[in-house]
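Trainee: Please read through the structure below; I'll follow up with questions.
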Amino acid sequence: MAAMTGTGKVVLVTGASSGIGEATARRLAADGHRVYLGARRTDRLEELAGQITAESGTAAYQRLDVTSAEDVRAFVAAARERFGRVDVMVNNAGVMPLSPLEALKVDEWDRMLDVNVRGVLYGIAAALPVMTEQGGGHIVNTASVGAYEVSHSAAVYCATKFAVRAISEGLRQESAGDIRVSLISPGVTESELADSISDESAREAMKTYRSVAIPASAIADAIAYAIGQPAEVDVNEIVVRPAASAQ
Ligand SMILES: NC(=O)c1ccc[n+]([C@@H]2O[C@H](COP(=O)([O-])OP(=O)(O)OC[C@H]3O[C@@H](n4cnc5c(N)ncnc54)[C@H](OP(=O)(O)O)[C@@H]3O)[C@@H](O)[C@H]2O)c1
């Protein structure tokens, strides 16, 4: 890891305790950015921040539940307090308990809406005023190939990701000139995402679908690319799929 402590941007990553968020934190810290990590599993965050720091990176963390607007506000405020500014907010936390609609898993629908949609909105609500005050910033939202197409057992999950795409495009239009907005849409990627599937049929179907998964570092590379562009260049959408994936 590059020994660039204290340089680079201040980047906040939600859902940094595993998968894409964790890989993104590692990659951005290696690029010399200061990373502020949020998720509910603070044991994971503590270990990750420790590893980044041991490799000459700069990282700190805070417990975060993105379904609470107050929590997200406190997370952004703490990062600003710690590092003096907020350059990039990566709204990455997400859940994917897939099931056919007829299974009526209403609690899981609510959880997806709360984490995947409200969590992103709360991230924007917390970071935008700080970025506007600073005169600029960058919102990066993790969507999915499910933001572009609907697949079986994924109606609600895809709805949340369509929503993230719509919110990102709306924000881009409204904040042109000040705030850069990037939507990063992974195809199937190695992570713990499928662990939350409680529906037996959806869980079985996922086994074949996920067999071609690409490493989470591939998505981290895309996020690093968007962040690394010159200030006048706004990378709006990147879709990263396994080469072997037809969907
Ligand atoms: N992996 C894929 O194939 C794939 C494909 C398309 C899109 N995505 C998207 O990529 C993003 C990252 O997912 P992943 O694949 O890396 O899965 P993951 O390994 O399960 O990571 C999800 C992250 O979200 C966090 N999270 C969940 N609920 C949260 C809450 N209420 N508050 C704060 N953090 C919360 C988890 O942390 P805690 O549990 O510790 O809170 C974890 O760090 C998600 O938005 C997902 O929809 C993934």
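Residue numbers for the sequence shown follow my numbering, so the first one is 757 and each next one is one higher. Positions of the beta carbon are idealized from the N, C-alpha and C atoms, including for glycine. As the structure is a prediction and not an experimental result, all values here were calculated from the model.
Could you have a look at Gly788 and say whether DSSP puts it in helix, strand or coil?
Mentor: Of the three classes helix, strand and coil, the one that applies to Gly788 here is coil, per DSSP.
Trainee: I need the straight-line Cα distance from Pro998 to Ala903, nearest angstrom please.
Mentor: Spanning the two alpha carbons is a distance of roughly 16 Å.
Trainee: Can you give me the C-alpha to C-alpha distance between Gly762 and Thr814, rounded to a whole angstrom?
Mentor: For Gly762, the pLDDT reaches just 43, beneath the cut-off of 50, and the residue's location in the model is therefore unreliable, although a value from the coordinates is still provided. If I take the Cα positions, the gap works out to 7 Å.
Trainee: Does DSSP classify Leu854 as helix, strand or coil?
Mentor: Looking at Leu854 - three-state DSSP - the assignment turns out to be coil, as it is neither helix nor strand.
Trainee: Check whether the Cβ of Gly892 lies closer than 7 Å to any heavy atom of ligand 1, and answer yes or no.
Mentor: It does not: the Cβ of Gly892 is nowhere closer than 7 Å to a heavy atom of ligand 1.
Trainee: With distance defined between alpha-carbon atoms, name the residue in Gly850, Arg836, Thr770 and Thr780 nearest to Arg819.
Mentor: Nearest option by C-alpha distance: Thr770.
Trainee: Would you kindly work out how many angstroms separate the C-alpha atoms of Ile808 and Ser931, rounded to a whole number?
Mentor: Their backbone Cα atoms lie some 33 Å apart in a straight line.
Trainee: Over what stretch of residues does the alpha helix (DSSP H) that includes Pro942 continue unbroken?
Mentor: No alpha helix (DSSP H) contains Pro942, which is instead part of the beta strand (DSSP E) from Ile935 to Pro942.
Trainee: Return helix, strand or coil for Asn872, following the three-state DSSP convention.
Mentor: Helix.
Trainee: Decide if the segment 959 to 979 is in contact with the segment 791 to 808; the criterion is three or more beta carbon pairs, one per stretch, under 8 Å apart.
Mentor: The segment 959 to 979 is not in contact with the segment 791 to 808.
Trainee: Look at the Cβ atom of Ser973, then the Cβ atom of Arg783, and state whether they are nearer than 8 Å.
Mentor: For Ser973 and Arg783, yes; Cβs fall inside 8 Å.
Trainee: Just the C-alpha distance for Leu854 and Asp951, rounded to the nearest angstrom, thanks.
Mentor: Their backbone Cα atoms lie some 10 Å apart in a straight line.
Trainee: From the DSSP secondary-structure annotation, give me the bridge partner or partners of Met845.
Mentor: Met845 pairs with Leu768 and Ile895.
Trainee: Keeping to the same chain, check which residues put their C-beta closer than 6 Å to that of Arg790; ignore five residues upstream and five downstream.
Mentor: Excluding residues within five positions, the ones whose Cβ falls inside 6 Å are Val766, Thr814 and Phe839.
Trainee: Taking its Cβ as the centre, do 16 or more other Cβ atoms sit within 10 Å of Ser1001, making it buried, or is it exposed?
Mentor: The residue is exposed, with fewer than 16 neighbouring Cβ atoms inside 10 Å.
Trainee: CA-CA distance, Met760 and Ala859?
Mentor: Confidence in Met760 is poor, its pLDDT being 39 and thus under 50, which makes the residue's placement too unreliable to answer from.
Trainee: Restricting to Cα atoms, I'd like to know which of Asp977, Leu884 and Ala830 is closest to Val937.
Mentor: When each option's Cα is compared against that of Val937, the closest is Leu884.
Trainee: Which word fits Ala758, buried or exposed, when buried means at least 16 other C-beta atoms lie within 10 angstroms of its C-beta?
Mentor: The predicted model places Ala758 with a pLDDT of 34, which falls under 50 and marks its position as unreliable; any figure quoted below should be read in that light. Under this definition Ala758 is an exposed residue.
Trainee: Bridge partners of Val995, per DSSP?
Mentor: Note: Val995 sits in a beta bridge opposite Ser941.
Trainee: According to DSSP, Thr814 sits in a beta bridge with which residue or residues?
Mentor: Bridge partners of Thr814: Arg790.
Trainee: How close, in whole Å, do the beta carbons of Val844 and Gly893 come, if the pair is a contact with beta carbons under 8 Å?
Mentor: Yes, they are in contact, since the Cβ atoms of Val844 and Gly893 sit about 7 Å apart, within 8 Å.
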